[in-house]
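First residue of the sequence shown: 95, per my numbering; consecutive thereafter.
Data first, discussion second: the structure below is written as structure tokens.
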Amino acid sequence: MTISRRRFLAISAAALAASTPAQAAPMHQWRGVALGADASITLMHADAEAIVARALAEISRLERIFSLHDPASALVQLNENGRLAHPPFELLECLSIAGAVHAASSGRFDPTIQPLWAFYAETIAAGRPIDAAARAQVLARVGWHNVQISPAEITLQDGMALSLNGIAQGYIADKVADLLRAEGLQDVLVNTGEMVALGGDPRGGDWPVALDDGQGVLPEAVALRDRALASSSPRGISFDQAGQVGHILDPFTGEPAEAPWRLVSLTAPRAALADALSTACCLMQRDEITALLAAFPDVHLAHLG
């Protein structure tokens, strides 16, 4: 399978380079991977390593629910069996947010897109062109209305599968931030592919987040404090090495997003919501985005272009 991934989001290069007061603990940053995305946790605290260890344990726990690559994950079990009895609360909560964004976006955000995503990945990796008739057959297996969700069981119709790649990274960022907030921590930046800022930069001011739209770092950094930031790009991941076939697929046509945006970035109280909405926006024109965000007054555009 050939997947070409680009980075479109970066913390300001100054974030770790600035000096700290002699009496303060040094700035600490863990870097790694969470749910397949570049991840980091940045803070200034005497017990930074222990705090990060607890955060990483939470990330690992959530990956065992949401990963598409762990055979034992709840999501993989649901996709393979078409049903999952007694689903984890976190999966139910994430699907609830997904359903709300699906409804608000008139179906643009649809986690049942996974069979179509797999079709593109496998077809292009095999060097074959996308056949419209074959795509239509796969598209018939896409449809959020065919997902049945209850605390007792989640069920899918035959041939269906879910991908939560457009929301789970944000959801995990929220949960890690919740854990740290419950411990009384402040001034921490959590990045699991999407970002949550607890407080601001411990050296003063807000957390500066520089956005990269694939053609370079944008001149204006996003000032983040006690909010989440999520970004989506139609070609942030592409199925082909040339970067022409983007990973955000239209659940109505089955085709890659055609909207003219290189990068959509939103801030919101919760990263999961910003994540799902930014994904939907990649399939919309500007007036449609304006109408969608009107239903979420606490969500704001950080960048559209």
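Ideal Cβ placement from N, Cα and C applies to all residues, glycine included.
Given the structure is predicted, the values throughout are model-derived calculations rather than measurements.
Just the C-alpha distance for residue i and residue j, rounded to the nearest angstrom, thanks.
i    : j    : result
G294 : H139 : 14 Å
P205 : G260 : 8 Å
L398 : V358 : 5 Å
V316 : D225 : 42 Å
L137 : A324 : 20 Å
L395 : T361 : 6 Å
A385 : A198 : 10 Å
R158 : C188 : 14 Å
Q231 : L172 : 22 Å
G308 : A365 : 22 Å
I235 : M254 : Going by the sequence as given, residue 235 is Arg instead of Ile. The alpha-carbon atoms of R235 and M254 are separated by roughly 6 Å.
D306 : D132 : 14 Å
P209 : G193 : 18 Å
R177 : V170 : 10 Å
A227 : E382 : 29 Å
E352 : A267 : 29 Å
A212 : P120 : 44 Å
W238 : L279 : 38 Å
E277 : P165 : 32 Å
G126 : T217 : 30 Å
Just curious, the beta strand (DSSP E) that residue i is in, first and last residue?
i    : result
H196 : Note, H196: premise wrong, no beta strand (DSSP E); alpha helix (DSSP H) at F183 to A198.
D132 : A131 to M138
M254 : Counting along the chain, M254 falls outside any beta strand (DSSP E), and DSSP gives it neither H nor E.
R50  : Outside the shown range of the chain (95 to 399) lies residue 50, about which nothing can therefore be said.
R43  : Summary: the structure shown does not reach residue 43, with the chain confined to residues 95 through 399, and so no result is reported for it.
H394 : H394 to L398
H122 : M121 to A128
T361 : V358 to A362
Figure out for me which residue from the options has the closest Cα to the Cα of residue i.
i    : options                   : result
Q242 : A234, D252 and L233       : D252
T249 : T373, A179, A362 and A147 : A179
G337 : P328, D344 and P345       : P328
P350 : A370, T361 and M378       : M378
L185 : S244, L150, V393 and P354 : S244
M289 : R275, P296, V270 and D307 : V270
R319 : P209, Q171, L292 and I135 : L292
A262 : A219, A149 and L162       : L162
A304 : L210, E314 and V236       : E314
A220 : D334, P354, L367 and D306 : D334
W355 : R380, R275 and G126       : R380
N175 : L274, A388, E247 and I383 : E247
G200 : L387, D164 and V393       : Rather than Gly, the amino acid found at residue 200 in this sequence is Ser. Measuring from the Cα of S200, the nearest candidate turns out to be L387.
F183 : V195, L156 and P165       : L156
V195 : L258, T217, W124 and I218 : L258
Could you check if residue i belongs to the surroundings of the ligand NAP, using beta carbon to heavy atom distance under 7 Å?
i    : result
T249 : Among the components of this structure there are no ligands whatsoever, and the ligand NAP is therefore not found.
Report back the beta-carbon spacing between residue i and residue j to the nearest angstrom; my notes put them in contact at under 8 Å.
i    : j    : result
V339 : Y214 : 7 Å
S167 : F160 : 7 Å
L233 : G348 : 4 Å
H122 : A144 : The pair is not a contact, with the Cβ atoms about 11 Å apart (cut-off 8 Å).
I135 : A149 : 6 Å
L367 : I191 : 6 Å
P296 : D272 : No, P296 and D272 are not in contact; Cβ-Cβ is about 20 Å, not under 8 Å.
D392 : P363 : 5 Å
List the endpoints of the continuous alpha helix (DSSP H) containing residue i.
i    : result
A230 : A226 to L233
E157 : A142 to F160
P209 : Q208 to A219
G264 : A262 to A276
T384 : R380 to A388
N285 : Here N285 belongs to no alpha helix (DSSP H); instead the beta strand (DSSP E) covers V282 to N285.
T373 : A365 to C375
E174 : A168 to N175
Does the distance from the C-beta atom of residue i to that of residue j stay below 8 Å?
i    : j    : result
C376 : I331 : no
L371 : F346 : no
D369 : G299 : no
A374 : R202 : yes
G147 : T286 : Looking at the sequence provided, one finds Ala at residue 147 rather than Gly. For A147 and T286, no; Cβs fall outside 8 Å.
W301 : L283 : yes
Taking 8 Å as the threshold (beta carbon to beta carbon), is residue i in contact with chain B?
i    : result
L387 : Structure shown: chain B not included; a single protein chain is present.
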